[in-house]
Amino acid sequence: MSTTVRILDHRTPEEREREFLPGMGKPWLLPFYDLFSRRVGARALHERAAALADVAPGQSVLDVGCGTANLALTVLRVQPAARVTGLDPDAGALRVAARKATRRRVPITLVQGFADRLPGGDGALDHIVSALALHHVPEEGRVLFAREAVRVLRPGGRVTIVDFGGTDRSGHGHGGHDRRGPGHRAGHGTPRGHGRPRGHGQADLVRLLADAGFTDVREVEHVEHRFGPITFVQATRP
Ligand SMILES: C[S@@+](CC[C@H](N)C(=O)[O-])C[C@H]1O[C@@H](n2cnc3c(N)ncnc32)[C@H](O)[C@@H]1O
């Protein structure tokens with residue numbers, strides 16, 4: 127089996143100028159990202175998402191907002207015969223991802239780019255996965271992501287997303303309004319500090335995917351994490 131690890135640049139000249147919110151809010155915190163991720167128990171979320179995705183041998187998978195490729199590499203561990211691509215605007219995170227994949231001798235393609243313009247031709251992918259990343263993407267970027275996901279997935283292709291958000295168990299209802307933390311921006315404005323991540327809610331994720339044309343869209347699991355509610359959402363491309 128090939129163990130090629132490569133990093134491609136999918137950005138347009140305009141996208142090279144675009145700002146984004148890195149994994150820990152500040153680029154200089156990147157070296158601590160994986161340690162932090164492990165300490166807060168993100169590994170269990172990646173493992174659950176990979177299990178729910180249930181990728182078959184030979185299937186092509188795109189991890190959107192892959193960062194240092196924690197979910198992408200978990201998918202490859204569970205299904206070594208998958209063809210996995212990670213997408214993230216953060217060149218530093220992609221270099222860390224490449225080092226991890228090289229050390230583990232697993233093949234992966236890492237693409238520098240944004241969730242609102244996915245790499246891949248129409249109907250080229252079997253599965254899109256994403257962990258703890260879409261709350262970093264501004265609202266219109268998430269809408270474009272969902273449309274792009276419909277475009278790049280084959281009919282019957284699936285999406286598995288784990289992110290902050292979830293039904294308000296207090297009974298007050300979520301209402302779909304923006305509860306993102308102070309580090310989050312609306313629109314394409316300048317990202318600020320990270321702040322406590324607050325999801326945009328499973329209701330928003332479900333609606334986002336349903337509005338884009340996905341079928342069978344539902345929250346399949348919910349976890350109360352110490353940083354806030356975590357939702358697992360799945361959907362199928364009709
Ligand atoms: C909290 S990290 C999650 C990384 C990885 N998925 C994980 O679970 O360890 C959020 C990631 O979203 C990426 N990100 C920020 N804006 C993005 C965008 N517009 N499109 C795609 N990814 C983005 C960040 O660079 C960062 O790597």
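Residues in the sequence shown are numbered consecutively from 127, following the numbering used here. Glycine included, each C-beta is placed from N, C-alpha and C at the ideal position. Everything numeric in this text was worked out from a predicted model, so none of it was measured.
- Boundaries for GLU143: no beta strand (DSSP E) harbours it, and the DSSP string shows neither H nor E there.
- Within its own chain, the residues whose Cβ lies closer than 8 Å to the Cβ of ASP342, once the five positions on either side in sequence are excluded, are GLN360, ALA361, THR362, listed in chain order.
- The beta-carbon distance between VAL278 and LEU244, rounded to whole angstroms, is 5 Å. This is short enough to meet the 8 Å contact definition.
- In the DSSP annotation of this structure, LEU251 is not part of any alpha helix (DSSP H); the continuous beta strand (DSSP E) holding it starts and ends at 251 to 257.
- If you check the C-beta of ALA176 against ligand 1, you find no heavy atom less than 8 Å away.
- Taking 8 Å as the cut-off, one finds no heavy atom of ligand 1 near enough to the beta carbon of THR211.
- Ligand 1 has a heavy atom closer than 8 Å to the beta-carbon of ALA241.
- Per the C-alpha coordinates, the member of THR194, TYR159, GLU347, ARG142 positioned closest to GLY239 is ARG142.
- Within its own chain, the residues whose Cβ lies closer than 8 Å to the Cβ of GLN185, once the five positions on either side in sequence are excluded, are GLN205, ALA208, ARG209, ASP252, HIS253, listed in chain order.
- Relative to ligand 1, the beta carbon of PHE340 is positioned no closer than 8 Å to any heavy atom.
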